[in-house]
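In this note's numbering, the protein residues as written are 904 to 1138. Just so you know, even glycine gets a beta-carbon here, dropped at the ideal spot from N, CA and C.
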Ligand code: GTP
């Protein structure tokens, strides 16, 4: 199979790492996701990963906690997930560098754009942890920002649902999956693809977003090879 892209960002939600559990990291799930990320890398694609933290702590769920503090707690959760992904990928022989937007040099190297790009050129996977390092920004916005910074051609947004629907498929059995969307449609219709800051950043920098389900982890390889599964958000 021939990949359609040379350099991509994979956005993994924290929840994706929990598998069927409500909390934490499921070893079987992370292994199967990483196996597929390895297969994707073996196609010759340069891969950077932005991981969320919702399986451990989600800033917006921090009821009674100051918003900025809750967001920092969420950012720390992404570091835990980043280290877990690094460990699982390296156990499969894939070289990985975790870079964190909040400096904690005993734990991981700091985010340095040019170093991240050099790692990618050398065939390493780079995991961007700690979000943007700022409260009030999501890890979706991090994916959009880092994609623009490192010249990624596309964001692969791996979710629990297999694409974007016109209404919530869990609540409405007649919800229809949408194959193609424009950025402005997502914003106008308030579709829950990414938050509006993230979508605006993608729109301003013309970065397409492919939204697909991770139920079958081999979907990562499929979307990289241009198979039309899920939903594409573009101009
Ligand atoms: P090259 O410069 O291409 O050789 O990349 P490299 O990442 O192999 O070299 P470097 O010597 O910078 O890093 C070696 C190892 O140390 C890698 O696993 C890095 O992730 C890690 N590392 C580098 N800088 C830091 C840091 O500031 N903190 C921590 N915790 N690890 C670091």
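- Here the region 1026-1038 lies against the region 935-953, with 3 or more beta-carbon pairs under 8 Å apart.
- DSSP places residue 961 in the coil class of the three-state scheme, outside both helix and strand.
- Under DSSP, residue 934 shares a beta bridge with no residue.
- Taking residue 991 as the centre and dropping the five residues before and after it, the same chain places the C-beta of 933, 934, 937 closer than 7 Å to its C-beta, in chain order.
- Here the C-alpha atom of residue 1037 lies approximately 23 Å from the C-alpha atom of residue 919.
- Taking the C-beta atoms as reference points, residue 1084 is found no nearer than 8 Å to residue 1074.
- Across the structure, residue 1053 and residue 945 are spaced so that their CA atoms are roughly 20 Å apart.
- By the Cβ criterion, the region 1001-1019 is not in contact with the region 953-966, since fewer than three pairs of Cβ atoms, one from each stretch, lie closer than 8 Å.
- In this chain, the alpha helix (DSSP H) harbouring residue 977 covers 970-994.
- The beta-carbon separation of residue 1046 and residue 953, rounded to 4 Å, stays under the 8 Å limit for a contact.
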